[in-house]
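Asker: One structure, pasted below without further comment.
Number of protein chains: 2
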Amino acid sequence: MARTAGSDGGRTEAAIRDAAVQLIARHGYEAVTMRQLAAEVGVQAAALYRYFPNKEDLLHSLMREHMEELATTWENARPANDDPVARLTSFVANHIRFHVERRHATHVSNMELRSLSRDNLTSILKLRTAYEKELRTILRDGADAGLLEVDDTGLTAMAIIQMITGVIVWFRPDERLSVDEVTATYLAMTMRLTGAKTNAEDRHVRQDAELRAR
Amino acid sequence: MARTAGSDGGRTEAAIRDAAVQLIARHGYEAVTMRQLAAEVGVQAAALYRYFPNKEDLLHSLMREHMEELATTWENARPANDDPVARLTSFVANHIRFHVERRHATHVSNMELRSLSRDNLTSILKLRTAYEKELRTILRDGADAGLLEVDDTGLTAMAIIQMITGVIVWFRPDERLSVDEVTATYLAMTMRLTGAKTNAEDRHVRQDAELRAR
DNA sequence: GAATTAATTAAACGTTCGTTTTATTAATTT
DNA sequence: AAATTAATAAAACGAACGTTTAATTAATTC
Chain A
1 MARTAGSDGG RTEAAIRDAA VQLIARHGYE AVTMRQLAAE VGVQAAALYR YFPNKEDLLH
61 SLMREHMEEL ATTWENARPA NDDPVARLTS FVANHIRFHV ERRHATHVSN MELRSLSRDN
121 LTSILKLRTA YEKELRTILR DGADAGLLEV DDTGLTAMAI IQMITGVIVW FRPDERLSVD
181 EVTATYLAMT MRLTGAKTNA EDRHVRQDAE LRAR
Chain B
215 MARTAGSDGG RTEAAIRDAA VQLIARHGYE AVTMRQLAAE VGVQAAALYR YFPNKEDLLH
275 SLMREHMEEL ATTWENARPA NDDPVARLTS FVANHIRFHV ERRHATHVSN MELRSLSRDN
335 LTSILKLRTA YEKELRTILR DGADAGLLEV DDTGLTAMAI IQMITGVIVW FRPDERLSVD
395 EVTATYLAMT MRLTGAKTNA EDRHVRQDAE LRAR
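Here it is, written out as structure tokens:
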């Protein structure tokens, strides 16, 4: 046999990407074989090489797609106003939603970096660094404006990212909590962690100052 | 050739464990071959099978050792007094120190769980869950005593653990910050995140209350 | 110092891996 | 309807994998 009836390159490639993300997330890149992936797609292994030159390029392509989607999603979610606390809120909420909705792809992008060769690794890390810089900028702006208490911008950014990305480790939809509830709790923790002056607290701080001024 | 001069079972096993942790942390369990590991130790691949029945049992043994050391270290570091804030401080400081000192073993224990078969996985998760429960207990005790502000004990425990374990992702000794400096910053973030009433803040809160009472 | 045990090498086993080559059929274009 | 291009199957490649078996030497015990 050869070309099958109804076969379509676009659909096949999408099916390969989909199956690859699932399989690699579950078993790890090295453990997944091209034959296993092909079987999942319902095709012979050789057919995969029409879409990706080799196994590593497939992995790299999945990661690149994930990171570029993340950047795009954040660009669209970023609020127009430049209040640092509002931007921090948007960042955390967007980050959690994006990653929860892409648990498998996130696992792949975070855990399989070591399987990339130099150049492929560099290109992914570049995208990741650019994204992380967004958070550092928010934190610095907030600290400069006196709206956040941040000892060390870099450390705090890493701490927050680890914390909110970690949601995917334990979160399962259809269980006790919804994404919105989890996001609310994590937002509250982020705000306390950064000593954010919310409107309410702000009023409180001002009240205290007024009391003392008397 | 056969037995080599000066060979010693104890030393060889230790060398295997050491090399395995380094190699698996860097390349991943599936990517490391028994021949590669043997070469690193300076021995033939067959010699490894005198110490571990197979590749997976080697991995499981490394993880078990790591988790048991973690439990032991915490037992020794746990403060005698039962002030929740003091216990939280000890937990975070001990956790960061332990993991920073064992970056590679931590990577193995956290990232290679999917390579374990059912029974081996269960035994490791049991140890991990027991350890995490320590933190949940501290948080609940603190919340019950009114010393911590914790919305959700489970979520907060996971958030803190992700945050402080994440140190190993970016921390490198001999760079800008020492372990103690990093620990101090993370402790400050943890205390804010949990709304901990330290002595200083406690006094501050009492002062505010007094001011208002006038 | 002979017998035994511990530690290791060397070689081989069958299996599976990523990838390539070649042939074949479906769909599209002319 | 013939020619061309796209999508796949089938088979084969050498290399590498985890593991086993058998032989060999060092260290220890008797």
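Taken in sequence, the protein lines are chains A and B.
According to the working numbering, the first sequence is numbered sequentially starting from 1.
According to the working numbering, the second sequence is numbered sequentially starting from 215.
Yeah, the Cβ is synthetic: ideal placement off N, Cα and C, and Gly gets one too.
Leaving out five residues on either side along the sequence, give the residues of the same chain with a beta carbon under 8 Å from the beta carbon of B:S189.
Answerer: For chain B, the structure presents residues 215 to 428; residue 189 of chain B sits outside this window and is missing.
Asker: As a quick exercise: from B:M405, B:F385, B:L335, B:M325, pick the residue whose alpha carbon is nearest that of B:L353.
Answerer: It is B:M405.
Asker: Tell me the rounded alpha-carbon separation between B:N295 and B:V235.
Answerer: About 36 Å.
Asker: Show which residues of chain B have a CB atom less than 7 Å away from the CB atom of A:G146.
Answerer: In chain order: nothing, as chain B lies at least about 16 Å away.
Asker: Below 8 Å on C-beta distance, what does A:Y186 contact in chain B?
Answerer: What A:Y186 touches in chain B: L369, A373.
Asker: Roughly how many angstroms separate the alpha carbons of A:T12 and A:V43, rounded to a whole number?
Answerer: Rounded to whole angstroms, A:T12 to A:V43 spans 9 Å at the Cα level.
Asker: What does A:V100 touch in chain B if you count any residue whose Cβ is under 7 Å from its own?
Answerer: Here the premise fails: no neighbours, minimum Cβ distance about 13 Å.
Asker: Indicate the three-state DSSP secondary structure (helix, strand or coil) for B:K269 in the structure shown.
Answerer: Reduced to three states, the DSSP call for B:K269 is helix.
Asker: Apart from the five residues on each side of it in sequence, which residues of its chain come closer than 8 Å, Cβ to Cβ, to A:L62?
Answerer: Closer than 8 Å at the Cβ level, and outside the excluded window around A:L62, lie R17, A20, V21, I24, A105, V108, S109.
Asker: Within the same chain, show all residues whose beta-carbon is closer than 8 Å to that of B:Y400, passing over the 5 residues directly before and after it, in chain order.
Answerer: Contacts found: V306, I310, M377, I378, V381.
Asker: Look up B:A371 in the DSSP assignment and say whether it is helix, strand or coil.
Answerer: Three-state result, B:A371: helix.
Asker: Hey, is B:Y345's beta-carbon within less than 9 Å of any beta-carbon in chain A?
Answerer: False, the Cβ-Cβ gap to chain A never drops below 9 Å.
Asker: Looking at C-beta atoms only, is the number of pairs between the stretch 143-157 of chain A and the stretch 68-85 of chain A that lie closer than 8 Å three or more?
Answerer: These segments touch.
Asker: Beta-carbon within less than 8 Å of A:T153's beta-carbon, same chain only, minus the 5 sequence neighbours each way: which residues are those?
Answerer: R136, L139, R140, A143, listed in sequence order.
Asker: Looking at the secondary structure, which residues open and close the alpha helix (DSSP H) in which A:E101 lies?
Answerer: Start and end: 84-101.
Asker: With DSSP as the reference, label B:T287 as helix, strand or coil.
Answerer: Three-state result, B:T287: helix.
Asker: Less than 9 Å between the C-beta atoms of B:R292 and B:L341, yes or no?
Answerer: Taking 9 Å as the Cβ cut-off, B:R292 and B:L341 do not qualify as a contacting pair.
Asker: Any residues in the stretch 243-267 of chain B with a beta carbon nearer than 7 Å to a beta carbon of chain A? Which ones, in chain order?
Answerer: Per Cβ criterion, the list reads E244, A245.
Asker: What does B:V383 touch in chain A if you count any residue whose Cβ is under 9 Å from its own?
Answerer: Those within 9 Å of B:V383 in chain A are M158, Q162.
Asker: What are the boundary residues of the alpha helix (DSSP H) that A:T185 is part of?
Answerer: First-last of the alpha helix (DSSP H) with A:T185: 179-193.
Asker: At 9 Å on the CB atoms, spell out the chain A contacts of B:D365, in chain order.
Answerer: A184, T185, A188, M189, listed in chain order.
Asker: Whole angstroms are fine: how far does the CA of B:D394 sit from the CA of B:D365?
Answerer: Going by the C-alpha atoms only, they are around 29 Å apart.
Asker: Buried or exposed for B:K411, going by 16 or more other Cβ atoms inside 10 Å?
Answerer: Burial call: buried.
Asker: What residues in its chain sit with their C-beta under 8 Å from that of A:P173, if we drop five residues either side in the sequence?
Answerer: V100, V179.
Asker: Run through DSSP, which three-state label would B:R428 get?
Answerer: Caution applies to B:R428, whose pLDDT of 40 falls short of 50 and renders its modelled position unreliable; the value that the coordinates give is listed next. In the structure shown, B:R428 sits in coil (DSSP, three-state: anything other than H, G, I, E or B).
Asker: Between B:M281 and chain A, is there a C-beta pair that is closer than 9 Å?
Answerer: Chain A contact via Cβ: absent.
Asker: Any C-beta of chain A within less than 9 Å: which residues of the stretch 317-345 of chain B qualify?
Answerer: If the cut-off is 9 Å between Cβ atoms, the stretch 317-345 of chain B has M325, E326, R328, S329 near chain A.
Asker: Using beta-carbon positions only, say whether A:T194 and A:E149 come within less than 9 Å of one another.
Answerer: Closer than 9 Å, so yes.
Asker: Should B:T247 go down as buried or exposed, given a rule of 16 or more other Cβ atoms within 10 Å for buried?
Answerer: The residue in question, B:T247, is exposed, as its Cβ has fewer than 16 Cβ neighbours within 10 Å.
Asker: Where does B:T226 fall in DSSP's three states?
Answerer: Three-state DSSP puts B:T226 in a helix.
Asker: Exposed or buried, what is A:A2 when buried is set at 16 or more other beta-carbons lying within 10 Å of its beta-carbon?
Answerer: Looking at its Cβ environment, which holds fewer than 16 other Cβ atoms inside 10 Å, A:A2 is exposed.
Asker: Quick check: the Cα distance between A:Y51 and A:A15, rounded to an integer number of angstroms?
Answerer: Roughly 11 Å separates the two Cα atoms.
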